[in-house]
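Chains A and B, in that order, give the protein sequences.
Here the numbering used here is used: the first residue of the first sequence is 1, the next is one more, and so on.
Here the numbering used here is used: the first residue of the second sequence is 1001, the next is one more, and so on.
Worksheet: the structure to be examined is printed underneath.
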Amino acid sequence: DAKTTQPNSMESNEEEPVHLPCNHSTISGTDYIHWYRQLPSQGPEYVIHGLTSNVNNRMASLAIAEDRKSSTLILHRATLRDAAVYYCILRDRTDYGGSQGNLIFGKGTKLSVKP
Amino acid sequence: ETGVTQTPRHLVMGMTNKKSLKCEQHLGHNAMYWYKQSAKKPLELMFVYNFKEQTENNSVPSRFSPECPNSSHLFLHLHTLQPEDSALYLCASSQDLGRPLHFGDGTRLSIL
């Protein structure tokens, strides 16, 4: 069962910030929020993950709502290479290797970037 | 270069053939995975191996048979496949079960 809800598609302009939303209203206290993306003709690629606090890395930032029922992946300056399907996934940190701890993909958000 | 190499990249086979997909990683990871990605459908987890032991079989038909001889190699043996098995088969590895996954670019399988 999909535990996250994402828009099917989004568009952005090159060089502008992009905010990709994800709703996870049934998140449990032991769920990490993970983001992956899949570029055309490639396997998925890890982007970022977090539990409660906002997280930053070289690829993106992850903003997590205070009640943890939603999160936003932020690409600070979109490039054409960021056009991909972005997946928001919950993983139960107490069940790695089990059904709730495995990486289970939904449909994701297809991001288009216009020059 | 993802660190996870899958061969072949493309495979066309008949329903009565037997073939194998190969996945190799030299990242020193302990866990390996097979996923299936069909057109217009989300990725589906098939199998999980941790330290060469299978920890997850996600109700996969027996015509798909995984093999993990060591932590660096993972195979998917195929026999008597159906047309609906045509898909992109993705291999991934992770340092441990809870760490981020590194995916290969997949084998595009077509069943005639």
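Glycine included, C-beta positions come from ideal geometry on N, C-alpha and C.
All figures in this text were calculated on a predicted structure; none of them were measured in a lab.
For E1044 (chain B), the uninterrupted beta strand (DSSP E) run begins and ends at E1044 to N1050, by DSSP.
The beta-bridge partner set that DSSP reports for H1073 (chain B) consists of B:E1024 and B:N1070. The beta carbon of D31 (chain A) is closer than 7 angstroms to those of L90, R91 and D92 in its chain, skipping five residues each way along the sequence.
Close partners of T1055 (chain B) in chain A (Cβ separation under 7 angstroms): G97. By the 16-neighbour rule on beta-carbons within 10 angstroms, T1080 (chain B) is exposed. Here T109 (chain A) is actually not in contact with N23 (chain A); their C-beta atoms are around 12 angstroms apart, not less than 8 angstroms. Between A60 (chain A) and L75 (chain A), the C-beta spacing is below 8 angstroms. When the beta-carbon positions are compared, F1064 (chain B) and L1045 (chain B) stay at least 8 angstroms from each other. At a cut-off of 8 angstroms between beta carbons, V1012 (chain B) makes no contact with chain A.
Using a CB distance cut-off of 8 angstroms, L1109 (chain B) does not count as an interface residue toward chain A. In summary, P1061 (chain B) is exposed, with fewer than 16 beta-carbon neighbours lying within 10 Å of its beta-carbon over all protein chains present. The CB of Q42 (chain A) comes closer than 7 angstroms to the CB of D1105 in chain B, given here in chain order. Flagged as an interface residue toward chain A: N1050 (chain B), by a C-beta distance shorter than 8 angstroms. A straight line joining the alpha-carbon of L1078 (chain B) with that of T26 (chain A) spans about 38 angstroms. What I104 (chain A) touches in chain B, judged by beta-carbon distance under 7 angstroms, is L1045, going in chain order.
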